[in-house]
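Read top to bottom, the protein sequences are chains F and G. Numbered according to the numbering used here, the first sequence spans residues 1 to 272. Numbered according to the numbering used here, the second sequence spans residues 1001 to 1272. Just below is one structure, and these are the notes that go with it.
There are 2 protein chains.
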Amino acid sequence: MSAVPVVLKVGGGASLAHDAVAADVAWWWKGGNRLVMVHGGAEFLNDISTKLGAPPEFLTSESGHTSRRTDRRTLEIFEMVYCGSMNKGWVERFQLLGVNAVGLSGLDGRIWEGPRKDAIRVVKDGRRLVIRDDYTGRVEKVNASLLLALIESGLLPVLTPPAASTEGEAINVDGDRAAAFTAAALGAHTLVILSNVPGLLARFPDEGSLIPRIRASEIAGFMSVAEGRMKKKVLGAEEALSMGVARVIFADGRVEQPLQRALAGHGTVIGD
Amino acid sequence: MSAVPVVLKVGGGASLAHDAVAADVAWWWKGGNRLVMVHGGAEFLNDISTKLGAPPEFLTSESGHTSRRTDRRTLEIFEMVYCGSMNKGWVERFQLLGVNAVGLSGLDGRIWEGPRKDAIRVVKDGRRLVIRDDYTGRVEKVNASLLLALIESGLLPVLTPPAASTEGEAINVDGDRAAAFTAAALGAHTLVILSNVPGLLARFPDEGSLIPRIRASEIAGFMSVAEGRMKKKVLGAEEALSMGVARVIFADGRVEQPLQRALAGHGTVIGD
């Protein structure tokens, strides 16, 4: 068992049982088990950015992936929601439960670092476009020693995008894939990804069609089953497994004791 | 000389030379000098909270002090602006300058902890009122060991309100007074407070009436000279000196090399 056996990624949807997640993480932590938490905030970001007059815009890449258009103004609202509202909301929940949490973005201490994309090729209304002023990229490096030092001091790290570009700019990165890199860098055994579905569904949105078990060697074949946001989660799972994480669990974040249930195998368990 | 000789408090006003402050701090840091930075964000908060339909409201205490009305909704917008926008903005500036900064609120790791006020007695339209749902308080305890551990790892801490109440709630605290407690807890020799005036003015807003030097024993007598926000700064200075900080410097944050100029004695130098 590594020093940090579990990395937990929690989505940002309003239907997520935030208090149940916090209570379950606090229970795990107080039992002497360590973890690092990663969270999102997409749904609340859409709400606030609309209120501030910069409604969300999504880009579709040539390969069919969808991502948020992140110009400088969006990035600044992104930071307000993810690092201000969501992150401090999680930290406060933990403090109220007696767990000394520390909320950090990937920019802080360069916890998450990677290249900013210099151009994004997208398809819009059937036309191909190249966008150059987007602040997005991907995580390639994790400051594991800072995370381990915090944990050794008894502090629970609560992480959120943005990450730092190689040059030091704030960049929007995918939270699921950042969590996968974090799990690998910490030598975690398990990556748990909680969202507003019970796991990977064979026939989305039919929750009765949950796929309970996928072998690591077969995960790539399930990309075609994943809908929307789930595509990035499957990609993150594939990356985590290829970097040595033993298992990835997609589980329901809308229920009581969501972490315990996930660790007990409720959801989609991916690994050998 | 202590491990952290200087604590720097920077206001949140739009007229502040943010890039000049960051460049000067980076110069100081790269010269091997350590510091902890504390920042505000009041002006931008007024702007964003108005846009989000919760315009700022200020309370006047029976003793004549002014403070921001911080109900739960204001607190949440406060966190967005201070912890999201302002804090990550400072961290990004430092990362771009090659300084590995870590942005934290006082809630994180309980860096700043103190009691939440259970009731605020105010005077409104000549009537006395008691407000009980306000999220304000004051810092009484600083997690100096976390700050020192970060600094020893080569990381520049960048701190901002809110603080943690004893129970773990997020509470709005005065940034100048929080900086004073931080300086004392770190055994800092000097607390520098940069704002949009050259220092304490005998006849505000006449910048020609700068008071260059005040003895520690005489600071209390200058409270009557301080206008508006400057009152809290004088109070913070008094507290810092009483807790062992050797000198407090109020200086201009609108100029080039503001930290170097302050440390060279430009501004109001308070101490023996």
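Here a beta-carbon is modelled for each residue, glycine too, at the ideal position from N, C-alpha and C.
Is the beta carbon of F:V255 less than 8 Å from the beta carbon of F:A20? Along the first sequence, read from residue 1 onward, the residue named residue 255 of chain F stands at position 255. Along the first sequence, read from residue 1 onward, the residue named residue 20 of chain F stands at position 20. Closer than 8 Å, so yes.
Member of F:I211, F:G187, F:L200 whose CA lies at the smallest distance from the CA of F:R34: Walking along the first sequence from the start, residue 34 of chain F turns up at place 34. Cα-wise, what sits closest to F:R34 is F:G187.
Nearest to G:T1050 by alpha carbon, out of G:K1233, G:S1067, G:R1073? Position 50 of the second sequence holds residue 1050 of chain G. For G:T1050, the nearest C-alpha among the options comes from G:R1073.
Quick one: Cα of G:W1090 to Cα of G:L1097, how far? Reading the second sequence from its first residue, position 90 is the one you call residue 1090 of chain G. Reading the second sequence from its first residue, position 97 is the one you call residue 1097 of chain G. Near 11 Å, if we compare the C-alpha coordinates of G:L1097 and G:W1090.
Taking C-beta to C-beta, are F:W29 and F:V122 nearer than 8 Å? Here residue 29 of chain F corresponds to residue number 29 of the first sequence, with the count starting at 1. Here residue 122 of chain F corresponds to residue number 122 of the first sequence, with the count starting at 1. Not in contact: F:W29 and F:V122 (Cβ atoms no closer than 8 Å).
Roughly how many whole angstroms lie between the Cα atoms of G:V1192 and G:F1250? As a position in the second sequence, residue 1192 of chain G is number 192, starting the count at 1. As a position in the second sequence, residue 1250 of chain G is number 250, starting the count at 1. If I take the Cα positions, the gap works out to 6 Å.
Under three-state DSSP, which class holds G:H1189? Looking up residue 1189 of chain G in the second sequence gives position 189. If DSSP states are grouped into helix, strand and coil, G:H1189 belongs with coil.
Let me know if F:L201 comes out buried or exposed under the rule of 16 or more other beta-carbons within 10 Å of its beta-carbon. Translated into positions along the first sequence, residue 201 of chain F becomes position 201. It is buried - the Cβ of F:L201 has at least 16 other Cβ atoms within 10 Å.
Around the Cβ of G:K1095, are there at least 16 other Cβ atoms within 10 angstroms (buried) or fewer (exposed)? Working through the second sequence from its first residue, we reach residue 1095 of chain G at position 95. Lys is not the amino acid found at residue 1095 of chain G; the sequence shown has Gln there. With 16 or more Cβ atoms within 10 Å of its Cβ, G:Q1095 is classed as buried.
How many whole angstroms separate the CB atoms of G:V1025 and G:T1182, which I take to be in contact at a CB cut-off of 8 Å? Start at 1 with the first residue of the second sequence, and residue 1025 of chain G comes out as number 25. Start at 1 with the first residue of the second sequence, and residue 1182 of chain G comes out as number 182. Rounded to whole angstroms, the Cβ separation of G:V1025 and G:T1182 is 15 Å, and the two are not in contact under 8 Å.
Which stretch, first to last residue, makes up the alpha helix (DSSP H) that contains F:E43? Counted from its first residue, the first sequence places residue 43 of chain F at position 43. First-last of the alpha helix (DSSP H) with F:E43: 42-51.
Would you kindly check if the distance between the Cβ of F:A17 and the Cβ of F:P258 is under 8 Å? Counted from its first residue, the first sequence places residue 258 of chain F at position 258. Counted from its first residue, the first sequence places residue 17 of chain F at position 17. In this structure, F:A17 lies closer than 8 Å to F:P258 by Cβ.
Given that F:R110 touches chain G, what residues does it touch there, using C-beta distances under 8 Å? The sequence position of residue 110 of chain F within the first sequence is 110, counting from 1. Residues of chain G passing the Cβ test: Q1095, N1100.
First and last residue of the uninterrupted alpha helix (DSSP H) at F:A237: Mapped onto the first sequence, residue 237 of chain F falls at position 237. DSSP places F:A237 in the uninterrupted alpha helix (DSSP H) bounded by 230-242.
C-beta neighbour in chain G for F:G168, strict 8 Å: Your numbering for residue 168 of chain F matches position 168 in the first sequence. Judged by the 8 Å Cβ criterion, F:G168 is in contact with chain G.
Using the C-alpha atoms, what's the distance from G:L1052 back to G:A1014? Here residue 1014 of chain G corresponds to residue number 14 of the second sequence, with the count starting at 1. Here residue 1052 of chain G corresponds to residue number 52 of the second sequence, with the count starting at 1. G:A1014 and G:L1052: Cα-Cα distance of roughly 19 Å.
Other residues of its chain near F:R203: CB distance less than 6 Å, five sequence neighbours each side excluded: Sequence index remark: in the first sequence, residue 203 of chain F carries index 203 (1-based). Excluding residues within five positions, the ones whose Cβ falls inside 6 Å are S209.
Mind checking if F:A144 is an interface residue toward chain G, Cβ cutoff 8 Å exclusive? Walking along the first sequence from the start, residue 144 of chain F turns up at place 144. False, the Cβ-Cβ gap to chain G never drops below 8 Å.
Any C-beta of chain F sitting closer than 8 Å to the C-beta of G:G1084? Along the second sequence, one-based indexing puts residue 1084 of chain G at 84. For G:G1084, the answer is yes, since a Cβ of chain F falls inside 8 Å of its Cβ.
Taking Cβ-Cβ distances shorter than 7 Å, what residues in chain G pair up with F:G103? Locating residue 103 of chain F in the first sequence gives position 103, counting from the first residue. Under the 7 Å cutoff, chain G gives D1108.
Does F:P198 come out as helix, strand or coil in the three-state DSSP assignment? Here the question's residue 198 of chain F lines up with position 198 in the first sequence. F:P198 falls in the coil class under three-state DSSP.
Identity of the residue in F:M243, F:L241, F:T190, F:A237 nearest F:A264 by Cα: Residue 264 of chain F sits at position 264 when you count from the first residue of the first sequence. Nearest C-alpha to F:A264: F:T190.
Report, in whole angstroms, the separation of the C-beta atoms of F:G236 and F:A179, which I expect to be a contact under 8 Å. Translated into positions along the first sequence, residue 236 of chain F becomes position 236. Translated into positions along the first sequence, residue 179 of chain F becomes position 179. Sure, about 7 Å apart at Cβ, within 8 Å.
Applying the criterion that 16 or more other CB atoms from any shown protein chain within 10 Å of the CB defines a buried residue, is G:A1003 buried or exposed? If you number the second sequence from 1, residue 1003 of chain G lands on position 3. G:A1003 should be labelled exposed.
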